[in-house]
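Participant: Mind the numbering: the sequence shown is residues 103 to 387 in my numbering, read in order. Every residue, glycine too, gets a C-beta built ideally from N, C-alpha and C.
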Amino acid sequence: MFLIFKYPFLSDIWNSYNFDKPMDYSSDNFEILRLCNNRETYETSPTEKHKNICKDLLKNLKILSNNNYSNIDTFFTGCKNLNNWLYFKEKELAVSSDIVNKIFQAYKQIKKAIYHSHDCDYYTFDKRFNESEKLINLRIFNYNFETIQRLLKDSIKSQDCKLIKYVYECVDVYKKMNITYRFPHDCNSSQHKNACDIMKEFNQLYSSYINKKHGILHNFPELSSDTPTNIIDGCSSQENAKDPSLEESSQTDTSMRGVVSPVLSAIAGIPPFLVLIYKVNIIFT
103 MFLIFKYPFL SDIWNSYNFD KPMDYSSDNF EILRLCNNRE TYETSPTEKH KNICKDLLKN
163 LKILSNNNYS NIDTFFTGCK NLNNWLYFKE KELAVSSDIV NKIFQAYKQI KKAIYHSHDC
223 DYYTFDKRFN ESEKLINLRI FNYNFETIQR LLKDSIKSQD CKLIKYVYEC VDVYKKMNIT
283 YRFPHDCNSS QHKNACDIMK EFNQLYSSYI NKKHGILHNF PELSSDTPTN IIDGCSSQEN
343 AKDPSLEESS QTDTSMRGVV SPVLSAIAGI PPFLVLIYKV NIIFT
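#1: Got a sec? Which residues, its chain only, sit under 6 Å from Y308 by beta carbon, not counting five neighbours each side?
#2: Fully enclosed by the segment 261-326, which alpha helix (DSSP H) runs are 4 residues long or longer?
#3: Under the assumption that T238 contacts Y189 (Cβ atoms under 8 Å), give the Cβ distance between them as a whole number of angstroms.
#4: Tell me the DSSP secondary structure of I250 in three-state form.
#5: Decide if D175 is buried, meaning its Cβ has at least 16 other Cβ atoms within 10 Å, or exposed.
#6: With a threshold of 6 Å on Cβ separation, who are the neighbours of V365 within its own chain once the five nearest residues in sequence on each side are excluded?
#7: Using three-state DSSP, classify Y127 as helix, strand or coil.
#8: On a Cα-Cα basis, can you pick out the residue from N140, K264, H316 and C289 that is closest to T331?
#9: Just to confirm my understanding: we take S234, look at its own chain, exclude 5 residues before and 5 after, and list those with CB closer than 6 Å. What are they?
#10: Comparing C-alpha positions only, which one of Y144, G180, K157 and I300 sits nearest to D126?
#11: Flag this pair as yes or no: are the beta carbons of R241 and I300 separated by less than 8 Å?
#12: Rounded to the nearest angstrom, how far is the Cβ of L254 from that of H320, given a contact under 8 Å?
#13: Going by alpha carbons, who is nearest to K468 out of L160, K229 and N186?
#14: Answer yes or no: do Y245 and N296 have a C-beta to C-beta separation smaller than 8 Å?
#15: With a CB to CB cut of under 6 Å and the five nearest residues on each side skipped, what residues in its chain are close to N232?
#16: Ordered along the chain, which non-local residues of its own chain (more than five positions away) have a Cβ less than 8 Å from that of H220?
#17: Helix, strand or coil for S199? Go by DSSP, reduced to three states.
#18: Can you tell which of E142, K151, N183 and S172 has the C-alpha that lies nearest to the C-alpha of N162?
#19: In the structure shown, what three-state DSSP assignment does N140 receive?
#20: Less than 8 Å between the beta carbons of F304 and N313, yes or no?
#21: Quick check: L325 and V273, are their CB atoms within less than 8 Å of each other?
#22: Quick one: is P124 buried, meaning 16 or more other Cβ sit within 10 Å of its Cβ, or exposed?
Okay, here's the thing in structure tokens:
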């Protein structure tokens, strides 16, 4: 069974970003093809996987940069969306972050002045941090807390146990990682600064906008409480049961060979890259 079916509300309109749409091999994309086939882009002999992720990434960066955004926040939201997509694409193709970083640098060679003046930077994880699979859960929450908050305020959608369980699982990840790593208050002094920043942002957003109500109907626990995250009032025991595939990160490192169907849309208005977290693993029963 595909893990994505566990949280159907997260699978809405993934195709609206078209990150996985094949690149148009027209003359408009000649420079992308030239860069992606050029050994100097990678500083090594490129494999087909290198070339494939290069074409996908540069195509998406070009589209992102070429959009005429009325609000700069929209550009950076799109950039964050792209980085979350890229995290799973790297895992799918087993391409190193070093190669991806070189592709980002290569894009600056073809970025036109008429495109957006801001750069979309590469958000990677610390190589020494071994739990990025769990950390991406919190990063996706952080990038979408406004959408999640809006759903939790809705009198109908807020009753979706899968939505509530998603938030509880983020809380569970936060609690366990906080116990394991004991991140300092000042993330600049942490050996895992990137992870610390994500944890700190989750704490701030959850505590300020989810746990403190602000019109949210469900009574979510405080991050410091001992409230079990696998027992949720109003949801059946079957819905509360943890998916054993989520217990260990070693079981969540398989590639995303499955195809997410656009028919899975359940709730309108969810940013499409939210589905990525559930696109990572394919669990067969």
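Facilitator: In short, the structure shows the following:
#1: none
#2: 263-283 and 295-307
#3: Correcting the residue identity first, residue 238 is Ile in this sequence and not Thr. At roughly 6 Å, the Cβ-Cβ gap stays under 8 Å, so I238 and Y189 are in contact.
#4: helix
#5: exposed
#6: In this prediction, V365 scores a pLDDT of 31, lower than 50, which makes its location untrustworthy; no coordinate-derived value is stated.
#7: coil
#8: K264
#9: F227
#10: K157
#11: yes
#12: 6 Å
#13: Any answer about residue 468 is impossible in this case: the structure gives the chain only from 103 up to 387.
#14: no
#15: none
#16: I174, F177 and F178
#17: helix
#18: N183
#19: coil
#20: no
#21: yes
#22: exposed
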